[in-house]
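**Student:** Supplied in structure tokens, the structure appears directly below.
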Amino acid sequence: MTVPPELTNWSNYQNEIYLHGLEGRVPPFTTDLTALGASARDHLDSGAFGYVAGAAGSGATHRANREAFDRRRLIPRMLSDATERDLRTTVLGAALPTPVLLAPVGVQSIVHPDGELATARAAASLGLPMVLSTASSYTLEQVAEANGEGPRWFQLYWPNDDEVCASILGRARAAGYTTLVVTLDTWTLAWRPQDLDQSYLPFIRGVGTAIPFSDPAFRAGLAKPPEEDLDAAVLRWVPMFTGTDRSWDRLPFLREHWDGPIVLKGIQHPDDARRAVDAGVDGIVVSNHGGRQVDGALASLDALPPVVEAVGARTEVLFDSGIRTGADVLKALALGARAVLVGRPFAYGLAHAGEDGLRHVLRSLLADLDLTLALSGHRSPSELTPDDLWHR
Ligand SMILES: Cc1cc2nc3c(=O)[nH]c(=O)nc-3n(C[C@H](O)[C@H](O)[C@H](O)COP(=O)(O)O)c2cc1C
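As numbered in the UniProt record's numbering, residues 1 to 392 make up the sequence shown, in order.
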């Protein structure tokens with residue numbers, strides 16, 4: 001897939017914006033991605049806004065995620081010959097234009113009617129991998145079509161029905177999703193006051209259920225198809241994909257049904273990381289689900305160094321939770337992440353202006369990343385080490 005060079009010279013977005021200024025044009029909305037949550041409120045109904053912005057319990061984990069980035073600072077280096085830079089990397093053997101992926105974010109149609117289709121198009125236009133959630137508003141096949149030649153991964157919320165699970169995995173492989181991300185931290189939903197206070201849960205309204213509802217194995221278990229009896233389909237699906245915790249001895253089932261790389265998402269403890277690697281998975285994502293699951297938990301960035309120390313030499317460690325700026329990406333990479341995933345910022349971009357809004361967010365993040373890499377004296381993300389950080 002070829003992405004035009006004016007897009008992949010990431011810092012060019014800065015020039016483009018200033019040149020547009022000569023014609024009286026300004027960006028569609030702010031380039032400060034830390035401010036997007038506030039302005040997204042104007043574009044979303046209160047249920048959707050609460051669902052995206054919300055966190056578990058008191059929000060302590062969500063706040064800790066951001067504070068952990070603030071506690072660490074880049075130490076800029078001078079005269080480093082950083083005029084020419086190369087942000088390319090590889091993740092699990094696949095070449096990526098930058099160390100940034102789009103995190104799995106479910107039910108995107110509550111944010112914008114084009115939902116995951118817009119995300120698939122925007123991600124493909126920049127060559128960035130998207131990770132499609134099991135809780136997608138569109139089917140695996142529809143999203144694959146919108147994504148075209150773009151790189152795509154699939155995130156599994158592990159259904160407790162083996163036949164349905166195998167069927168969904170088979171469809172994902174057939175539709176060109178290369179890597180399986182198994183999310184472990186959301187086997188049941190956390191206590192989320194923003195959603196509870198509005199009695200808001202999209203899945204029980206049949207939103208974010210396109211993948212199971214289009215699945216032959218799932219449909220075979222229904223007396224009537226979901227189009228004729230939505231309530232029955234919801235009643236079958238919700239307890240199938242939420243409410244059952246698993247144990248390590250179930251991992252071979254996934255290997256049996258997925259012949260590509262498998263990544264476990266939601267790892268925070270070095271012992272779990274070791275266990276994952278011993279079990280033969282190909283990578284892990286250090287993530288606390290953006291603070292949406294365990295209230296009062298440690299910041300995901302604070303979990304990263306011990307996990308990298310435990311398994312960094314044996315597997316690829318990806319990171320998410322709290323990334324908002326280019327500097328944040330660099331800090332996670334300096335601490336040993338191979339690449340990062342971004343969640344809420346891209347959902348807010350979608351909320352502001354659909355596919356174009358999402359592209360604006362991604363190009364802003366990547367321009368900021370490129371410029372901060374340059375100004376801190378590096379030519380490639382691979383040059384960063386923990387020594388590049390000052391720690392309060
Ligand atoms: C609205 C929303 C929906 C999400 N849905 C999923 C999902 O379906 N599957 C999943 O593994 N993670 C999901 N996540 C978590 C993200 O993949 C990611 O871990 C998190 O957003 C990263 O934190 P950040 O939002 O601070 O970038 C969701 C996050 C948000 C904000």
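For glycine and all other residues, C-beta sits at the position ideal for the given N, C-alpha and C. None of the values given here were measured: they were computed from a predicted structure.
With a threshold of 7 Å (Cβ to nearest heavy atom), would D388 be considered close to ligand 1?
**Tutor:** Within the sequence shown, numbered from 1, the residue matching residue 388 stands at position 388. Result no, Cβ not under 7 Å from ligand 1.
**Student:** Whole-angstrom Cβ separation of S376 and R85, contact assumed at under 8 Å?
**Tutor:** Taking the first residue of the sequence shown as 1, we reach residue 376 at position 376. Taking the first residue of the sequence shown as 1, we reach residue 85 at position 85. Contact doesn't hold; Cβ gap of about 11 Å is too wide.
**Student:** When you compare the CB positions of M381 and T89, do they come within less than 8 Å of one another, or not?
**Tutor:** On the sequence shown, position 381 is the one that residue 381 refers to. On the sequence shown, position 89 is the one that residue 89 refers to. First, the residue type needs correcting, since residue 381 is Pro and not Met in the sequence shown. Result yes, Cβ atoms of P381 and T89 sit closer than 8 Å.
**Student:** Using only the alpha-carbon positions, how far apart do residue 394 and V329 sit?
**Tutor:** No answer is possible for residue 394: the residues shown for the chain start at 1 and end at 392.
**Student:** How close, in whole Å, do the beta carbons of A223 and A232 come, if the pair is a contact with beta carbons under 8 Å?
**Tutor:** Counted from its first residue, the sequence shown places residue 223 at position 223. Counted from its first residue, the sequence shown places residue 232 at position 232. Rounded, the Cβ-Cβ distance is 7 Å, consistent with contact.
**Student:** Should V263 be listed as close to ligand 1, given that the test is whether its C-beta is under 7 Å from any heavy atom?
**Tutor:** Numbered from its first residue, the sequence shown carries residue 263 at position 263. Incorrect: V263 has no Cβ contact closer than 7 Å to ligand 1.
**Student:** Looking at C-beta atoms only, is the number of pairs between the stretch 168-180 and the stretch 251-268 that lie closer than 8 Å three or more?
**Tutor:** Flag = yes, the stretch 168-180 and the stretch 251-268 touch.
**Student:** Go through the residues and name those whose CB comes closer than 5 Å to any heavy atom of ligand 1, in chain order.
**Tutor:** Those satisfying the condition are, in chain order, V52, A103, P104, V105, G106, S133, A135, Q155, T183, S287, H289, G290, D320, S321, G322, G343, R344.
**Student:** Taking DSSP as the reference, what is the three-state secondary structure of Q14?
**Tutor:** For this step, residue 14 is matched to residue 14 along the sequence shown. Residue state, collapsed to three classes: helix.
**Student:** Please report the residue range of the beta strand (DSSP E) in which A347 lies.
**Tutor:** Residue numbering aside, residue 347 sits at position 347 when the sequence shown is read from its first letter. Where A347 is concerned, there is no enclosing beta strand (DSSP E), although the alpha helix (DSSP H) it sits in stretches over 344-375.
**Student:** Just the Cα atoms here: how many angstroms apart are T186 and E23?
**Tutor:** Here residue 186 corresponds to residue number 186 of the sequence shown, with the count starting at 1. Here residue 23 corresponds to residue number 23 of the sequence shown, with the count starting at 1. Roughly 48 Å separates the two Cα atoms.
**Student:** Are the beta-carbon atoms of R324 and T34 separated by less than 8 Å?
**Tutor:** Mapped onto the sequence shown, residue 324 falls at position 324. Mapped onto the sequence shown, residue 34 falls at position 34. Yes.
**Student:** Rounding to the nearest angstrom, what Cα-Cα distance links G127 and A94 in this structure?
**Tutor:** On the sequence shown, residue 127 is found 127 positions in, with the first residue counted as 1. On the sequence shown, residue 94 is found 94 positions in, with the first residue counted as 1. In a straight line, the C-alpha of G127 is about 12 Å away from that of A94.
**Student:** Measuring only the C-alpha atoms, how far is S58 from A68?
**Tutor:** Residue mapping note: residue 58 aligns to position 58 of the sequence shown, counting from 1. Residue mapping note: residue 68 aligns to position 68 of the sequence shown, counting from 1. So the two alpha carbons sit approximately 17 Å from each other.
**Student:** Relative to the C-alpha of G283, which residue among V263, T134, L117, A135 is closest?
**Tutor:** Numbered from its first residue, the sequence shown carries residue 283 at position 283. Residue V263 is the option with its Cα nearest to G283.
**Student:** From this set, E116, E145, F241, which residue's C-alpha is nearest N160's C-alpha?
**Tutor:** As a first step, residue 160 is located in the sequence shown; it is residue number 160 there, counting from the start. Closest by alpha carbon: F241.
**Student:** Quick check on the DSSP output: the alpha helix (DSSP H) that includes residue 479 runs from which residue to which?
**Tutor:** Any question about residue 479 goes unanswered here, given that the chain covers just 1 to 392.
**Student:** Roughly how many angstroms separate the alpha carbons of G37 and A53, rounded to a whole number?
**Tutor:** Locating residue 37 in the sequence shown gives position 37, counting from the first residue. Locating residue 53 in the sequence shown gives position 53, counting from the first residue. In a straight line, the C-alpha of G37 is about 7 Å away from that of A53.
**Student:** Assuming P129 contacts L101 (C-beta within less than 8 Å), just tell me the rounded distance between them.
**Tutor:** Working through the sequence shown from its first residue, we reach residue 129 at position 129. Working through the sequence shown from its first residue, we reach residue 101 at position 101. About 5 Å; that satisfies the 8 Å criterion.
**Student:** Quick check on DSSP: helix, strand or coil for L240?
**Tutor:** Residue mapping note: residue 240 aligns to position 240 of the sequence shown, counting from 1. Residue identity check: residue 240 is Met in the sequence provided, not Leu. Helix, per DSSP.
**Student:** Pick from A56, R255, D249: whose alpha carbon is nearest that of W191?
**Tutor:** Here residue 191 refers to the residue found at position 191 when the sequence shown is read from its first residue. Looking at the Cα atoms, A56 is the closest of the given residues.
**Student:** What are the uninterrupted segments assigned as alpha helix (DSSP H) that are 4 or more residues long and contained completely in the stretch 186-221, given in chain order?
**Tutor:** Counting only runs of 4 or more, we get 193-196, 210-213, 216-220.
**Student:** Taking the Cβ atom as the reference point for each residue, do F346 and L369 lie within a distance shorter than 8 Å?
**Tutor:** The sequence position of residue 346 within the sequence shown is 346, counting from 1. The sequence position of residue 369 within the sequence shown is 369, counting from 1. Contact flag unset, no.
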